[in-house]
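A short write-up of the structure that comes next.
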């Protein structure tokens, strides 16, 4: 069998091409005109079927046999679904739904032989055969080659066919493109899925981070809020135990005293823990404000020595402060440096059973920094544990540790404080040979603003049990006389040598009376007297003018409340002061606090003093009582349900009737800078419930009532 | 788009099929022609297939359909110029083209149409 031509049927035009080719080949093979038409028609029918029902196929033209009679064979092959009702079609009983149904039968009639094989899913092969005319010579291979060449030459090349062919090529290319595009789309889809996964993962991570952040915030907020919630009952416990130990309500048996002491000790420890936690929370929330002042290391060490003496219970341990003469004045937050050293020292004392705890200061870093070291001869810390002790609650296991339980917060807090002050902590220690903690702090706090807070002049230790009397006197001898005169009385001498110092003192404290010398070194105080009497703050403070000069008229004219020519006599001074300071008595003190225990504590504190108390359990009630009874002073709690202390204060200050009543804030809340701003200028004192003793309460009241606002 | 031209020849439409039509082209012709019949109110159509060397069952059926549709649209159809080989093949194929009138050439076809038109008119007149 030699194939002449093979033709694909893909498009409608190919059916036409197939029948044209069939006719052409038939002509070339020597078929007569009628047979050419028959062959072409039959091929057309079957090719159309292949196109219509199988979506396309292939037509192959061939000549079979070498000797006459040769056969012209046309195979039409498709890979369609096959013909289901072939027997019926061939039997002529079938009517096509397309209304045709004569294609196959017709083609069979037109050809000499017709073979069709078809099955469902296997496609269809139709073989059409026509015997070549007998009167022409047999088709040789040579003739066949000529034929093929002729067909190639005659290949119709009309422009439209050219375009069609290009079209087909284009369609093929498009087909390929589409499949590639499909592939790309699939890949893209996969990538998108992956991407979505990654995005979801990121979102999850974000969410986790957010959770962590919020948890951290909540921790800090919890710690801050805890200050109030925890401290209120702790303060009550401490105040009540103090009352018990003061035998305010009758005597205690020695055993009871021991028990109460234990209660007080326990509550004290717990308070310390709460305070440390609060400090830590403040540091973490970034609420710690550094207030650099200029101070001498020697003064700091002196203060520490006094402060820590009570901790020295073990006689085999010595607390030694080294000489600090090599250290220049520091510009640092003295309170925080003190706290750092206190923590170091108390820590050292805890873990040292015998030997010494040595505190020293030395210049390091070319004089840029000062290293405060606390060296002990205690149990020491193994190198592998040295990191851990700076972690919160990171306590080590050792026999001594169990004995001297701490909060586990001291060193972490210290470390944070040192960092805030721009310094660093070093630790040198070996197990069993003691430890040296060193805080290296810059000599001048880096962020110190251009103007450091002026160093406070030595604060007079105010004795809360006595009434402060400011003596403005330049001569030390005269001053000594006043101190002798008032020794043992209920008056305490506060001293100012110049008018400037006196103004400074008045800014911080409110004396119950002022003893004023007229002639100071290089200045007279007439103007100051006038100033005192002109100012709202000090107008009501009684002024006793004590002078070598007898100029009573001028003195009284300027507002002096008493006038005496030196020397001053004790009896006169006491009587005068008594009568001048007695003016404020008689009116009760109002306690506004929602916590009954707190009210009880204050009431007990003032029991037996010259102050009587009335109480209010809420802000609203307090306001009402203040308006009705015009108390001499008000103790006000800040954190209350309903009206808060701040709101009560604002209400008091906006009402004509209550504007002048002095207010003492008594709270367990740790005050924020914001709170201070809100209170500034509106209250006379802020007391912490934790420090409320009878003395302090009385002093605050004396201070307040001596300081009644106009 | 390729189309078989339809010419208006006096009162008749003349379609000369010069190319071997693929099936869709044949269907397009069918549509175009019915449209033209309506548009021109023609009563006769001549389809010249003298150039066709192959008329298979589809094209044959199409010719039959055109004839039937034209008749419904009150137009007579005459297929002219069919080659003898085509005629023989159609018969062998089993396609008898019922209702399709044929004529040897265009001239004879026009005569045929005129004749039948007159007869129909006369019939119509008698009816009216």
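Protein chains in written order, with the working numbering: chain A, 43 to 752; chain B, 218 to 345.
Where a beta carbon is used, it is the ideal one built from N, C-alpha and C, also for glycine.
Given the structure is predicted, the values throughout are model-derived calculations rather than measurements.
Within 10 angstroms of its Cβ, does residue i collect 16 or more other Cβ (buried), or is it exposed?
{"i": "residue 475 of chain A", "result": "exposed"}
{"i": "residue 287 of chain B", "result": "buried"}
{"i": "residue 517 of chain A", "result": "exposed"}
{"i": "residue 273 of chain B", "result": "buried"}
{"i": "residue 258 of chain A", "result": "exposed"}
{"i": "residue 226 of chain B", "result": "exposed"}
{"i": "residue 327 of chain B", "result": "buried"}
{"i": "residue 277 of chain A", "result": "buried"}
{"i": "residue 133 of chain A", "result": "exposed"}
{"i": "residue 296 of chain A", "result": "exposed"}
{"i": "residue 241 of chain A", "result": "exposed"}
{"i": "residue 574 of chain A", "result": "buried"}
{"i": "residue 377 of chain A", "result": "exposed"}
{"i": "residue 66 of chain A", "result": "buried"}
{"i": "residue 323 of chain B", "result": "buried"}
{"i": "residue 471 of chain A", "result": "buried"}
{"i": "residue 457 of chain A", "result": "buried"}
{"i": "residue 260 of chain A", "result": "exposed"}
Taking only three categories from DSSP, how would you classify residue i?
{"i": "residue 86 of chain A", "result": "helix"}
{"i": "residue 279 of chain B", "result": "helix"}
{"i": "residue 743 of chain A", "result": "helix"}
{"i": "residue 301 of chain B", "result": "helix"}
{"i": "residue 451 of chain A", "result": "coil"}
{"i": "residue 566 of chain A", "result": "strand"}
{"i": "residue 41 of chain A", "result": "The first residue shown for chain A is 43 and the last is 752, placing residue 41 of chain A beyond what the model contains."}
{"i": "residue 48 of chain A", "result": "strand"}
{"i": "residue 342 of chain A", "result": "helix"}
{"i": "residue 155 of chain A", "result": "strand"}
{"i": "residue 171 of chain A", "result": "strand"}
{"i": "residue 410 of chain A", "result": "coil"}
{"i": "residue 605 of chain A", "result": "strand"}
{"i": "residue 490 of chain A", "result": "In this predicted model, residue 490 of chain A has a pLDDT of only 47, less than 50, meaning its place in the structure is not dependable; the value taken from the coordinates is given anyway. Of the three classes helix, strand and coil, the one that applies to residue 490 of chain A here is coil, per DSSP."}
{"i": "residue 499 of chain A", "result": "With a pLDDT of 39 at residue 499 of chain A, under the threshold of 50, the modelled position of that residue is not reliable, and the figure given next carries that caveat. Residue state, collapsed to three classes: coil."}
{"i": "residue 265 of chain B", "result": "strand"}
{"i": "residue 370 of chain A", "result": "coil"}
{"i": "residue 573 of chain A", "result": "helix"}
{"i": "residue 177 of chain A", "result": "coil"}
{"i": "residue 325 of chain B", "result": "helix"}
{"i": "residue 626 of chain A", "result": "Unreliable placement is indicated for residue 626 of chain A, whose pLDDT of 49 sits below 50; the coordinate value is still reported in the next sentence. Helix, per DSSP."}
For residue i, which option in the options has the closest C-alpha, if you only look at C-alpha atoms?
{"i": "residue 77 of chain A", "options": "A:171, A:125, A:742", "result": "A:171"}
{"i": "residue 562 of chain A", "options": "A:554, A:545, A:541, A:547", "result": "A:541"}
{"i": "residue 635 of chain A", "options": "A:686, A:354, A:431, A:333", "result": "A:686"}
{"i": "residue 88 of chain A", "options": "B:310, B:264, B:318", "result": "B:310"}
{"i": "residue 429 of chain A", "options": "A:408, A:394, A:479", "result": "A:479"}
{"i": "residue 333 of chain A", "options": "A:354, A:246, A:464", "result": "A:464"}
{"i": "residue 578 of chain A", "options": "A:549, A:291, A:711, A:271", "result": "A:549"}
{"i": "residue 324 of chain A", "options": "A:174, A:193, A:677, A:264", "result": "A:264"}
{"i": "residue 704 of chain A", "options": "A:616, A:737, A:631", "result": "A:631"}
{"i": "residue 697 of chain A", "options": "A:229, A:603, A:487, A:670", "result": "A:670"}
{"i": "residue 320 of chain B", "options": "B:336, B:301, B:335", "result": "B:301"}
{"i": "residue 333 of chain B", "options": "B:308, B:241, B:229, B:278", "result": "B:229"}
Just checking my contact of residue i with residue j at CB under 8 Å: how many whole Å lie between their CB atoms?
{"i": "residue 586 of chain A", "j": "residue 557 of chain A", "result": "5 Å"}
{"i": "residue 342 of chain A", "j": "residue 384 of chain A", "result": "The pair is not a contact, with the Cβ atoms about 10 Å apart (cut-off 8 Å)."}
{"i": "residue 145 of chain A", "j": "residue 91 of chain A", "result": "5 Å"}
{"i": "residue 655 of chain A", "j": "residue 665 of chain A", "result": "Going by Cβ atoms, the distance from residue 655 of chain A to residue 665 of chain A rounds to 17 Å, so no, they are not a contact pair."}
{"i": "residue 511 of chain A", "j": "residue 454 of chain A", "result": "At roughly 46 Å, the Cβ-Cβ gap does not stay under 8 Å, so residue 511 of chain A and residue 454 of chain A are not in contact."}
{"i": "residue 176 of chain B", "j": "residue 243 of chain B", "result": "Any question about residue 176 of chain B goes unanswered here, given that chain B covers just 218 to 345."}
{"i": "residue 420 of chain A", "j": "residue 390 of chain A", "result": "7 Å"}
{"i": "residue 254 of chain B", "j": "residue 232 of chain B", "result": "So it is not a contact: roughly 11 Å between Cβ atoms."}
Run through the DSSP bridge pairs and tell me what residue i is partnered with.
{"i": "residue 658 of chain A", "result": "A:634"}
{"i": "residue 225 of chain B", "result": "B:230"}
{"i": "residue 418 of chain A", "result": "A:399"}
{"i": "residue 161 of chain A", "result": "A:165"}
{"i": "residue 248 of chain A", "result": "Residue 248 of chain A is not bridged to any residue."}
{"i": "residue 110 of chain A", "result": "For residue 110 of chain A, which the question treats as bridged, DSSP gives no partner whatsoever."}
{"i": "residue 318 of chain B", "result": "B:295"}
{"i": "residue 677 of chain A", "result": "A:633, A:706"}
{"i": "residue 479 of chain A", "result": "A:416, A:469"}
Taking 7 Å as the cut-off, is the C-beta of residue i nearer than that to any heavy atom in the ligand ATP?
{"i": "residue 452 of chain A", "result": "No copy of the ligand ATP occurs in the structure displayed, which carries no ligand at all."}
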